[in-house]
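Asker: Protein chains in written order, with this note's numbering: chain A, 694 to 810; chain B, -9 to 104. For every residue, glycine included, the Cβ atom is placed at its ideal position computed from N, Cα and C. Just so we're clear, the structure is a prediction, and the values are computed from it rather than from any experiment. Structure provided below as structure tokens; questions to follow.
Take a look at the structure:
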């Protein structure tokens, strides 16, 4: 099955700096790669996603890049602000049919980002 | 507010006991997913239901079971509880059954097994 590795597990940056979180996946059939942000005491929330037919996607201060050959994708946050402090999860999913079960969304273990004012 | 409601928010129980966690999906969402979040394992997929039928199974123990009712709410039953079952259990819902798409998570049910 799919395995998603995420690094680093913790990341501390100064306000205004950039933050980069990297993930690798194992299943070459995976074709959907979302990123979720989890604030303290809340459930994860989708912040950006990318599909395998696209190499890069931007939404204001956040961007995601995908390298299908190397099976890795990254989240880039520019001009970080204290409200960006949270746990970020990458995930991978295939919509292929595995013996009757559809591909599931498999998450990395998360990165705790701290942005210091 | 994601629109997904989970109850109870906190639950403390003893080893060997059984508990039921409840989830009401967003209005119109047919798929419900259950995830377990522990400190060292991140978000682990347990099981998915679509319109009342089990659609996919992940790392769900035999002591755990779930179901989705005709009104689309779902329950996760955890029995013969062990200390290691202490975790945050999330329910999520989505519009599609198996296609890739956004999951909307509830705020979770924190289970503590003493």
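When the Cα atoms are used, what is the spatial distance from residue 744/A to residue 787/A?
Answerer: 10 angstroms
Asker: With a threshold of 7 angstroms on Cβ separation, who are the neighbours of residue 121/B within its own chain once the five nearest residues in sequence on each side are excluded?
Answerer: Not covered by the structure: residue 121/B. The range shown for chain B is -9 to 104.
Asker: With DSSP collapsed to three states, give me the class of residue 777/A.
Answerer: helix
Asker: Please list, in chain order, all residues of the same chain as residue 6/B whose beta carbon is under 8 angstroms from its beta carbon, the five residues on each side excluded.
Answerer: 70 and 71
Asker: How should residue 60/B be labelled, buried or exposed, when 16 other C-beta atoms within 10 angstroms of its C-beta is the threshold for buried?
Answerer: exposed
Asker: Can you list, in chain order, the residues of its chain whose CB lies under 6 angstroms from that of residue 725/A, leaving out five sequence neighbours each side?
Answerer: 744 and 786
Asker: Can you tell me whether residue 806/A is helix, strand or coil according to DSSP?
Answerer: strand
Asker: Identify the contact partners of residue 68/B in chain A, using a Cβ-Cβ distance below 8 angstroms as the criterion.
Answerer: Residues of chain A passing the Cβ test: none, with the nearest at roughly 19 angstroms.
Asker: Using the beta-carbon count (16 or more within 10 Å), is residue 697/A buried or exposed?
Answerer: Around the beta-carbon of residue 697/A, 16 or more other beta-carbon atoms lie within 10 Å, marking it buried.
Asker: If you reduce the DSSP assignment to three classes, tell me which class residue 73/B lands in.
Answerer: helix
Asker: I want to verify the contact list: residues of chain B whose CB lies under 8 angstroms from the CB of residue 740/A, in sequence order.
Answerer: Neighbours of residue 740/A on chain B: none; closest Cβ ~10 angstroms, over 8 angstroms.
Asker: Run the proximity test for residue 102/B: is its beta-carbon closer than 7 angstroms to any non-hydrogen atom belonging to the ligand COA?
Answerer: Annotation note on the ligand COA: not contained in the displayed structure, which lists no ligands.
Asker: At a CB-CB cut-off below 9 angstroms, which residues of chain B make contact with residue 782/A?
Answerer: 32 and 33
Asker: Please confirm whether residue 14/B and residue 63/B have their CB atoms less than 8 angstroms apart.
Answerer: yes
Asker: Should residue 802/A be flagged as near chain B, meaning a C-beta pair shorter than 8 angstroms?
Answerer: Yes - at least one Cβ of chain B is within 8 angstroms of the one on residue 802/A.
Asker: What does the Cβ neighbour count give for residue 98/B, buried or exposed, with the cut at 16 atoms within 10 Å?
Answerer: Label assigned to residue 98/B: buried.
Asker: Please report the straight-line C-alpha distance between residue 780/A and residue 41/B, rounded to a whole angstrom.
Answerer: Near 31 angstroms, if we compare the C-alpha coordinates of residue 41/B and residue 780/A.
Asker: Identify the continuous beta strand (DSSP E) that holds residue 700/A and give its terminal residues.
Answerer: 697 to 700
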